[in-house]
Amino acid sequence: MTLPPVCINASCPRLQVCHNRKYTNPNMASQVPQHLPRGRACVPCRRRKMKCDGNQPTCNQCMRFDRAAECQFVEGPSPSTARVLEQHISRLQSRIHELEQDDPNLVRLRNPYENVPAASSSGGNTAVAPHAAQPNWWETSDPPTQMQQTLVQYFLREAPKFGFFLDARRLLTAFAKPTATRPRPPSVIRNAIYLWGINLSRNPQYTAREPLFLGRALRSVHVALSSAHEQQQNTLYVLQAEVLLAYYFFHCDRLLEGKFHASAAVSLAIMCNLHQINAPQGGGFQSAGQAFLPPPADPVDEAERIYAWWTTFVLDKSWVVALSAPAMISETQEPGTVIHTPWPLTVDEYAQQPASARPNAGSTVQRFLADVTADGAASSPLALIAKAAALYERASALAAHTDTNSQCSRSVFTRHRRLTGLLLLLALPSGVGDGASLAETAGYEAALLALDGAVEQLKQALPPLERAGSVAAPADEHATHSLLVLHGLAHAATVQLHRAFAERSATSRARCLASASALVRVVHELTRRLAVVSPLVGVLAATAGEVLVHGLQSMRSARTAWASSAALPGEDKFAQSTNQLVAALERLTQSPFVASQTARLREAAAQ
1 MTLPPVCINA
11 SCPRLQVCHN
21 RKYTNPNMAS
31 QVPQHLPRGR
41 ACVPCRRRKM
51 KCDGNQPTCN
61 QCMRFDRAAE
71 CQFVEGPSPS
81 TARVLEQHIS
91 RLQSRIHELE
101 QDDPNLVRLR
111 NPYENVPAAS
121 SSGGNTAVAP
131 HAAQPNWWET
141 SDPPTQMQQT
151 LVQYFLREAP
161 KFGFFLDARR
171 LLTAFAKPTA
181 TRPRPPSVIR
191 NAIYLWGINL
201 SRNPQYTARE
211 PLFLGRALRS
221 VHVALSSAHE
231 QQQNTLYVLQ
241 AEVLLAYYFF
251 HCDRLLEGKF
261 HASAAVSLAI
271 MCNLHQINAP
281 QGGGFQSAGQ
291 AFLPPPADPV
301 DEAERIYAWW
311 TTFVLDKSWV
321 VALSAPAMIS
331 ETQEPGTVIH
341 TPWPLTVDEY
351 AQQPASARPN
361 AGSTVQRFLA
371 DVTADGAASS
381 PLALIAKAAA
391 LYERASALAA
401 HTDTNSQCSR
411 SVFTRHRRLT
421 GLLLLLALPS
431 GVGDGASLAE
441 TAGYEAALLA
451 LDGAVEQLKQ
461 ALPPLERAGS
471 VAAPADEHAT
481 HSLLVLHGLA
491 HAATVQLHRA
501 FAERSATSRA
511 RCLASASALV
521 RVVHELTRRL
531 AVVSPLVGVL
541 AATAGEVLVH
551 GLQSMRSART
561 AWASSAALPG
571 EDKFAQSTNQ
581 LVAALERLTQ
591 SPFVASQTAR
601 LREAAAQ
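The opening position of the sequence shown corresponds to residue 1 in the UniProt record's numbering, with each subsequent residue numbered one higher.
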């Protein structure tokens, strides 16, 4: 190999370079290797397909053509053009997904070695192999298949406690083996399920990504609602997502957001006429809202819609006290407001005979409130909970006017009599509208007694708590949860109905305390048997806690007034029941809403 002449000018910058090179004079030309190992040439020589001598830091070819600044040596073979393009495309795809799923609270990390080329198999140095950047499981629009299955299983274990009404077997099949007739569930329900799965996993690696998946679920619902008319096949999925989000926010002690999604669920259900499924001839109300939901494809599809309505009904009715807001579902004389959808049956009953083939008298809730025993055959867990929720809401609405309306008009009572469906046809005293207290009228007392009788009838018709099994030999977990919540709602209805009269009626005070004690037992059994419960349990616990704390504080105040240091009769029992309730709630460490109710109860009891 012929080397360029060595410069003899002491000031020449090329001489400075030459002094630092391995070969600086023609006498050493014999040491230049004739064949370099593959991958040892500098980058410019590789690009120009020139023979490189491998001299570092600058080869003779680069010196000869005055490109010393470009001469760089990289260990390992140069990646092919196709490989470079693949890496570039992969980085662009990852970045696009990043922008689509951007979350301002998320700190993203990048792999600093993603562009480092691989080491030559013939070289002795160790280097990192090049690879396309692989997105993390939470960065893709859908988690990897294995992660999807994991999150879905986490969710389905507890799903009935949080308003899940879809057919679980069909949902799993659609996830695993979608078909043309049963396609993969849309993103609106997938994201809601992933969100709940992450929350229920108790895995810090998963829950760290919960805000990201919450954002996805909210965006999916927004998009799905805006296109509900064009995508009718997804409407039931959208309703399910709204119900799940409402329970999610209640569970997380974010009641205002939960109320928003609960209201959206009720509005969508009514818009789709889910409250008038299988209405009697001439009793239904046809509206443009039916365009949001195609006809049911089969009995299972029809059953899902019935479950959807009553699940939404329970959501609306059972949270009225906690939200301090009236229920959205309210029946009036207008045909479009009457609930004709039959009480939900079990899956096996629908398999034997579809809902559309069963006779339906209509006015489902009104007939029940007029005669609790009229629909005794409808005794599925969801049907019983819906009945208890209806009585709970009626009791709360009726008792609320005892506290807030000392001067109520005849029209107010008439409206309440119609809403409760008691058909009392009472003649009110003429002074009701002129300042008389509604609570003192005979009609109001009769309404209270009638509703109280309906609640007691329901309690007597409920399956006994002993059916819930035991810790040693537990029954079905969801059946246990439903039974205990059912009893809790019934006792909470009694508390709501009698609490306003407890100060001046010994009977109401005794009934109120008995139901509060029963609620303590229900909460104790729930938390003793189950690690995860519906946030509604926090509402039931708060109802019992208010009664117990009020009684405890009243006795303490009386003791202070009498300057007595000894506990009054019954004070220890109040304190014991309160402590038992707090201890039961403290077992539920996963629910922020229950935790907040526990803290309030503990603080109130300490005063």
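Every residue, glycine too, gets a C-beta built ideally from N, C-alpha and C.
query, result
"Beta-carbon spacing of residue 552, residue 582 below 8 angstroms", "no"
"DSSP state of residue 57 mapped onto helix, strand, coil", "coil"
"heavy atom of the ligand ADP below 7 angstroms from residue 72 C-beta", "Ligands are entirely absent from the displayed structure, and the ligand ADP is therefore not among its contents."
"Span of the alpha helix (DSSP H), counted from its first residue to its last, around residue 195", "187-201"
"Pairwise C-alpha distance: residue 276 and residue 350", "18 angstroms"
"Exposure of residue 579, with buried meaning 16 or more beta-carbon neighbours within 10 Å", "exposed"
"Helix, strand or coil at residue 71 [DSSP, three-state]", "coil"
"Exposed unless 16 or more other CB atoms sit within 10 angstroms - verdict on residue 295", "exposed"
"Whole alpha helix (DSSP H) elements within the stretch 287-323, 4-residue minimum", "299-318 and 320-323"
"Entirely enclosed alpha helix (DSSP H) segments - the stretch 335-391, minimum 4 residues", "347-352 and 364-370"
"Among 535, 245 and 346, the one whose alpha carbon lies nearest that of residue 196", "245"
"Through-space distance from residue 204 to residue 307, alpha-carbon basis", "34 angstroms"
"Distance between residue 605 and residue 588 (C-alpha atoms, nearest Å)", "19 angstroms"
"Inter-residue Cα distance where the pair is residue 456 and residue 516", "15 angstroms"
"Sequence-distant residues of the same chain with beta carbon closer than 6 angstroms to residue 209, five excluded per side", "138"
"Neighbour-count burial assignment, residue 163, 16 or more Cβ in a 10 Å radius", "buried"
"Distance between residue 178 and residue 392 (C-alpha atoms, nearest Å)", "42 angstroms"
"C-beta atoms of residue 198 and residue 207 nearer than 8 angstroms", "yes"
"Supposed contact pair residue 278 and residue 355 - C-beta distance, whole angstroms, cut 8 angstroms", "6 angstroms"
"The stretch 313-327 touching the stretch 366-375, judged by at least three CB pairs closer than 8 angstroms", "no"
"Short Cβ contact (8 angstroms threshold) for residue 496 with residue 575", "no"
"CB contact flag (residue 265, residue 239, <8 angstroms)", "yes"
"Segment limits, alpha helix (DSSP H) that includes residue 220", "210-226"
"CA nearest to the CA of residue 251, picked from 512, 603 and 533", "533"
"Integer Cβ distance of residue 187 from residue 226, believed to fall under 8 angstroms", "About 14 angstroms separates the two Cβ atoms, so there is no contact after all."
"Residue 493 versus residue 317 - alpha carbon distance", "11 angstroms"
"Residue environment, residue 65, which counts as buried when at least 16 other CB atoms sit within 10 Å", "exposed"
"Classification of residue 38 by the beta-carbon crowding that lies within 10 angstroms, buried from 16 upward", "exposed"
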